[in-house]
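Chemist: Residue numbers (UniProt numbering): 1 to 372. In this text, a Cβ means the ideal position worked out from N, Cα and C, and glycines have one as well. Okay, handing you the structure first.
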Amino acid sequence: MVHTNTGLTLGAFLLGQIITSVLFGLLTSQTYLYFYEFSEDSKKVKFAVATVWLLELAHIVCSSWGLYNDTVDHFGHPEHLFQVSKVFLMSLLIAGFIFPLVQLSFAERIYRISGNRYIVAFLIFMTVVRFIGSLANFAVFWTSESIIDYTARYSWFIPALLGMGVVTDLTIAMTLVFYFRQQRVRIFKSTVKVIDTLTLWTIESGVATTIVGVASVLTTVLLSDTCVYFSNWLPQCLNAVTDVWIALLLVITRLYSNMLLASFVGFQCLLYELHFTIVYNRLNGRTRLRAIKEDSIVLNTSRNRPTSLGMVFKVMSESHDPVSPTNTRRSTTAHWEDQKSMQSPLSPAPSTADLERVLVEERPSLDDKTTT
Numbered sequence: 001m002v003h004t005n006t007g008l009t010l011g012a013f014l015l016g017q018i019i020t021s022v023l024f025g026l027l028t029s030q031t032y033l034y035f036y037e038f039s040e041d042s043k044k045v046k047f048a049v050a051t052v053w054l055l056e057l058a059h060i061v062c063s064s065w066g067l068y069n070d071t072v073d074h075f076g077h078p079e080h081l082f083q084v085s086k087v088f089l090m091s092l093l094i095a096g097f098i099f100p101l102v103q104l105s106f107a108e109r110i111y112r113i114s115g116n117r118y119i120v121a122f123l124i125f126m127t128v129v130r131f132i133g134s135l136a137n138f139a140v141f142w143t144s145e146s147i148i149d150y151t152a153r154y155s156w157f158i159p160a161l162l163g164m165g166v167v168t169d170l171t172i173a174m175t176l177v178f179y180f181r182q183q184r185v186r187i188f189k190s191t192v193k194v195i196d197t198l199t200l201w202t203i204e205s206g207v208a209t210t211i212v213g214v215a216s217v218l219t220t221v222l223l224s225d226t227c228v229y230f231s232n233w234l235p236q237c238l239n240a241v242t243d244v245w246i247a248l249l250l251v252i253t254r255l256y257s258n259m260l261l262a263s264f265v266g267f268q269c270l271l272y273e274l275h276f277t278i279v280y281n282r283l284n285g286r287t288r289l290r291a292i293k294e295d296s297i298v299l300n301t302s303r304n305r306p307t308s309l310g311m312v313f314k315v316m317s318e319s320h321d322p323v324s325p326t327n328t329r330r331s332t333t334a335h336w337e338d339q340k341s342m343q344s345p346l347s348p349a350p351s352t353a354d355l356e357r358v359l360v361e362e363r364p365s366l367d368d369k370t371t372t
């Protein structure tokens with residue numbers, strides 16, 4: 001009869017699966033909100049969001065199947081817990097693709113905001129190394145005879161991968177916070193709240209992933225060191241180390257995806273709260289934001305809200321200095337070229353093409369005021 005601590009094996013696995021299932025529900029809701037609110041976003045970003053959700057769907061299917069296999073199909077056979085579940089290993093492979101996709105998305109955001117190639121190159125390097133390490137970890141896990149065999153020979157793989165993830169997360173969070181604070185002193189007072197909110201979100205998401213990552217590293221290292229002092233229970237202890245790491249990995253994977261989608265969808269709430277007007281420039285195909293002043297109105301576009309995620313990066317990279325008279329701008333009362341068609345009760349709601357005809361006047365500079 002094989003004795004094993006089900007609290008550190010199946011118990012940890014079950015708790016991790018419950019938490020990750022709740023996070024998957026949140027991810028699904030955010031994915032729906034993204035495609036509803038950002039209907040005019042670029043196909044590249046839409047493809048990235050859809051890919052993340054599909055990977056997460058496959059990930060939770062594999063992990064749920066693995067849990068069912070351990071708790072139902074092999075009920076009463078604790079020796080099966082020492083075997084490598086091929087189905088569950090597929091979830092590890094899928095997680096290896098989710099991490100770089102999310103981290104590279106944030107690296108692109110950092111590049112658009114700051115233009116710092118050195119930090120972005122470091123993030124890309126760490127992401128690629130972690131991705132290659134994840135593939136290698138999957139390969140050695142797949143070829144191992146048992147979980148005990150894997151943990152005894154490749155136990156250093158686990159803290160190494162988790163450590164690289166923690167370093168990358170901290171770098172992303174600190175870099176975004178630094179450049180957000182730097183932009184804060186160069187923008188309009190009406191948009192300061194946007195920067196403060198984005199900074200708070202960045203800190204929260206960075207702290208969440210970092211805490212779970214550090215907890216995973218400490219747990220695996222401490223449990224591995226503890227196993228040395230209990231030679232009689234070494235197989236069971238090594239098995240528990242891997243199961244606890246897998247449970248934490250389930251949570252980390254879902255946190256990454258939710259962090260990415262939350263950053264996409266959350267900015268939409270800021271647009272409504274701060275009453276930004278969106279102006280499309282047909283010449284360069286870019287989306288720009290202009291803070292609405294007291295003499296401006298908001299166009300009601302009903303269900304056809306032509307919002308785009310590109311504005312998030314645009315407002316960061318093209319922030320204006322309120323002190324400089326040449327950079328001071330305002331948005332005046334917007335009007336349509338075809339007023340008669342808009343007044344018709346049978347006319348449809350304004351579309352993206354209609355918004356492209358919105359006229360925005362420049363605020364007169366201080367030099368003009370002095371001359372007048």
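Per DSSP, what kind of secondary structure is G115 in: helix, strand or coil?
Modeler: In the sequence shown, residue 115 corresponds to position 115, counting from 1. Three-state result, G115: coil.
Chemist: Thinking residue 375 and G133 are a contact (beta carbons under 8 Å), I'd like their distance in whole angstroms, please.
Modeler: Look at the range of the chain in this structure, 1 to 372, and you will see that residue 375 is not part of it.
Chemist: To the nearest angstrom, how far is it from the Cα of A48 to the Cα of T71?
Modeler: As a position in the sequence shown, residue 48 is number 48, starting the count at 1. As a position in the sequence shown, residue 71 is number 71, starting the count at 1. So the alpha carbons of these two residues sit roughly 34 Å apart.
Chemist: Contact check, P100 vs F131 under 8 Å by CB: the rounded distance?
Modeler: For this step, residue 100 is matched to residue 100 along the sequence shown. For this step, residue 131 is matched to residue 131 along the sequence shown. The Cβ separation is near 5 Å, so the contact holds.
Chemist: Taking the alpha-carbon positions, what's the C62 to A136 distance?
Modeler: Taking the first residue of the sequence shown as position 1, residue 62 is located at position 62. Taking the first residue of the sequence shown as position 1, residue 136 is located at position 136. If you take the alpha carbons of C62 and A136, they lie about 19 Å apart.
Chemist: Does the count of Cβ pairs from the segment 145–161 and the segment 117–125 closer than 8 Å reach three?
Modeler: Result no; under three Cβ-Cβ pairs closer than 8 Å.
Chemist: Considering only the beta carbon of each residue, do M164 and V120 sit closer than 8 Å?
Modeler: Reading the sequence shown from its first residue, position 164 is the one you call residue 164. Reading the sequence shown from its first residue, position 120 is the one you call residue 120. No. Outside cutoff.
Chemist: Starting from T71, trace the alpha helix (DSSP H) both ways and give me its first and last residue.
Modeler: For the purposes of this step, residue 71 is identified with residue 71 of the sequence shown, where counting begins at 1. Counting along the chain, T71 falls outside any alpha helix (DSSP H), and DSSP gives it neither H nor E.
Chemist: Which class does S63 belong to by DSSP, given the choice of helix, strand or coil?
Modeler: Translated into the one-based positions of the sequence shown, residue 63 becomes position 63. Residue state, collapsed to three classes: helix.
Chemist: What is the residue span of the alpha helix (DSSP H) that residue 376 lies within?
Modeler: The displayed coordinates of the chain run from 1 to 372. Any statement about residue 376 would go beyond what the structure contains.
Chemist: Quick test of your reading: L255 and T209, contact by CB under 8 Å. State the CB separation rounded to the nearest angstrom.
Modeler: Within the sequence shown, residue 255 is the residue found at index 255, counting from 1. Within the sequence shown, residue 209 is the residue found at index 209, counting from 1. Correct: roughly 5 Å between the Cβ atoms.
Chemist: Going by other Cβ atoms of all chains shown within 10 Å of its Cβ, with 16 needed for buried, is Y34 buried or exposed?
Modeler: Start at 1 with the first residue of the sequence shown, and residue 34 comes out as number 34. Counting Cβ neighbours within 10 Å, Y34 comes out buried, since at least 16 surround it.
Chemist: Tell whether a beta-carbon distance below 8 Å holds between A173 and I203.
Modeler: As a working mapping, residue 173 is identified with position 173 in the sequence shown. As a working mapping, residue 203 is identified with position 203 in the sequence shown. Yes; because the gap between Cβ atoms is below 8 Å, this pair is in contact.
Chemist: Classify E56 as helix, strand or coil using the three-state DSSP reduction.
Modeler: Position 56 of the sequence shown, counted from the start, is the residue given in the question as residue 56. Correct three-state label for E56: helix.
Chemist: On the criterion of 16 or more Cβ atoms from any shown chain inside 10 Å, does P364 qualify as buried, or is it exposed?
Modeler: Reading the sequence shown from its first residue, position 364 is the one you call residue 364. Model confidence at P364 stands at a pLDDT of 38, short of 50, so the residue's coordinates are unreliable; what they give is reported in the following sentence. The residue is exposed, with fewer than 16 neighbouring Cβ atoms inside 10 Å.
Chemist: Going by Cα to Cα distance, which pick from L67, S105, Y179 is closest to I113?
Modeler: Locating residue 113 in the sequence shown gives position 113, counting from the first residue. The option with the nearest alpha carbon to I113 is Y179.
Chemist: When the Cα atoms are used, what is the spatial distance from E40 to K46?
Modeler: Counting from 1 along the sequence shown, the entry for residue 40 is found at position 40. Counting from 1 along the sequence shown, the entry for residue 46 is found at position 46. Their backbone Cα atoms lie some 10 Å apart in a straight line.
Chemist: Please report the straight-line C-alpha distance between W65 and S91, rounded to a whole angstrom.
Modeler: Counting from one through the sequence shown, the residue named residue 65 turns up at place 65. Counting from one through the sequence shown, the residue named residue 91 turns up at place 91. Rounded to the nearest angstrom, the two C-alpha atoms are 10 Å apart.
Chemist: If we ignore side chains and look at the alpha-carbon of each, how far apart do I19 and V251 end up?
Modeler: Taking the first residue of the sequence shown as 1, we reach residue 19 at position 19. Taking the first residue of the sequence shown as 1, we reach residue 251 at position 251. Taking the straight line joining both Cα atoms gives about 7 Å.
Chemist: Nearest to residue 425 by CA position, among A95, L200, V167, E108, is which residue?
Modeler: Only positions 1 to 372 of the chain appear in the structure, and residue 425 is not among them; the question remains open.
Chemist: Under the assumption that Q17 contacts L67 (Cβ atoms under 8 Å), give the Cβ distance between them as a whole number of angstroms.
Modeler: Numbered from 1 along the sequence shown, position 17 holds the residue referred to as residue 17. Numbered from 1 along the sequence shown, position 67 holds the residue referred to as residue 67. Correct: roughly 5 Å between the Cβ atoms.
Chemist: For G115, count neighbouring C-beta atoms within 10 Å of its own C-beta (all shown protein chains included) and say buried if the count is 16 or more, exposed if not.
Modeler: Counting from 1 along the sequence shown, the entry for residue 115 is found at position 115. Exposed: under 16 other Cβ atoms inside 10 Å.
Chemist: If I'm right that V52 touches I94 with Cβ under 8 Å, what's the distance once you round it to whole angstroms?
Modeler: Reading the sequence shown from its first residue, position 52 is the one you call residue 52. Reading the sequence shown from its first residue, position 94 is the one you call residue 94. Not really, about 11 Å apart at Cβ, beyond 8 Å.
Chemist: Tell me which residues share the same chain as T168 and place their Cβ nearer than 8 Å to its Cβ, disregarding the 5 neighbours each side in the sequence.
Modeler: The sequence position of residue 168 within the sequence shown is 168, counting from 1. Same-chain partners within the cutoff: Q103, L123, M126, T127, R130.
Chemist: Between L23, E37, Y150, G25, which lies nearest to V265 when the distance is taken from Cα to Cα?
Modeler: To locate residue 265, count along the sequence shown from 1; it is residue 265. Nearest C-alpha to V265: E37.
Chemist: Decide if residue 460 is buried, meaning its Cβ has at least 16 other Cβ atoms within 10 Å, or exposed.
Modeler: This structure cannot settle anything about residue 460, because the visible part of the chain is limited to 1 through 372.
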